[in-house]
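So for the sequence shown, the working numbering puts the first residue at 776; every next one is plus one. Yeah, the Cβ is synthetic: ideal placement off N, Cα and C, and Gly gets one too.
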Amino acid sequence: LFCSNDEYDIFKQQAHLDYLRFLEYRSNELIPGGVLILCFPCLNDKGLFGFEILFQLLYKCATLLPITQQELLDYTYPLYYRTYEEYINYDLFKKFSLKLIKSELCDTRTDTFTRFQQGELTLDEFVKDHTRFLRSWTEPSLRETLERNNHCLDEEVETLLDQFWNLYEREVKELSNQFDLCCVYAYLILKKDLI
């Protein structure tokens with residue numbers, strides 16, 4: 776979301792090397808005729824991964840905290856989502872004696888937003904549930920940033936984290952109709968060639 780073209784290209788090159796090594800090692804582990812079933816997060820055909828609003832709001836809330844510009848720069852989620860085409864790489868499959876049996880691009884949703892729309896969850900319940908989910912895997916990055924940048928006192932870090940999540944919950948309440956989140960996954964079934 777927030778990187779330059781050069782940074783994006785570097786991430787893309789690294790992702791290609793990672794995928795190459797991953798396929799190489801898995802191929803070496805498979806016996807001839809063995810099957811490898813893969814599921815990877817992926818961009819959809821519009822170049823989106825489905826959680827853009829989350830990262831936009833995380834960043835917005837961080838900008839509202841009393842932190843330095845350096846701390847804001849340090850607060851990152853270095854994610855690179857491959858395109859479906861990057862996963863379907865016949866040259867790599869051939870190089871590692873793999874044959875693509877089947878592939879599919881699928882959307883995955885949780886039922887939280889649907890339950891909220893149908894009235895099974897109140898707005899407050901929806902916001903709390905969503906925030907609890909997001910906080911479980913995003914808070915460590917912010918905590919690390921705060922602790923690393925001279926917010927040494929635990930209570931100061933906790934105060935900033937509470938402030939951050941209160942801001943985030945307010946944003947979600949205001950934008951709740953935009954939280955029909957969808958993760959996109961590439962599913963691949965590969966088979967090791969018989970030798």
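Query: Under the DSSP definition of a beta bridge, which residues are partnered with P816?; Result: Y960
Query: Please return the same chain residues whose Cβ sits closer than 7 Å to the Cβ of S872, not counting the five positions on each side in sequence.; Result: S802, K967 and D968
Query: Whole angstroms are fine: how far does the CA of Q844 sit from the CA of L796?; Result: Checking the sequence shown, residue 796 turns out to be Arg, not Leu. Distance between the alpha carbons of R796 and Q844 is about 37 Å.
Query: What are the residues that DSSP puts in a beta bridge with I966?; Result: A quick correction: the sequence has Lys, not Ile, at residue 966. V810 and K874.
Query: Taking buried to mean at least 16 other C-beta atoms within 10 Å of its own C-beta, is L854 buried or exposed?; Result: exposed
Query: For the alpha helix (DSSP H) holding D955, just list the boundary residues, first then last.; Result: Taken as a continuous stretch (DSSP letters only), D955 belongs to no alpha helix (DSSP H), as it is neither H nor E.
Query: Please name the residue in T838, E930, D820 and F954 whose C-alpha comes closest to that of R857.; Result: D820
Query: Taking the alpha helix (DSSP H) that C836 falls in, what are its first and last residues?; Result: E827 to T838
Query: Looking at the structure shown, is D1020 part of a helix, part of a strand, or coil, going by DSSP?; Result: The chain is shown only over 776 to 970; residue 1020 falls outside these bounds and no answer can be derived.
Query: Per DSSP, which residues does L880 bridge with? Please list them.; Result: A961
Query: Under DSSP, the alpha helix (DSSP H) around D886 begins and ends at which residues?; Result: That residue, D886, is in no alpha helix (DSSP H); it is neither H nor E in DSSP.
Query: Could you tell me the distance, in whole angstroms, from the CA atom of K903 to the CA atom of L935?; Result: 18 Å
Query: Give every residue of the same chain whose Cβ lies closer than 8 Å to the Cβ of F826, excluding the five residues on either side of it in the sequence, and list them in chain order.; Result: L956 and C958
Query: Less than 8 Å between the C-beta atoms of L829 and E946, yes or no?; Result: no
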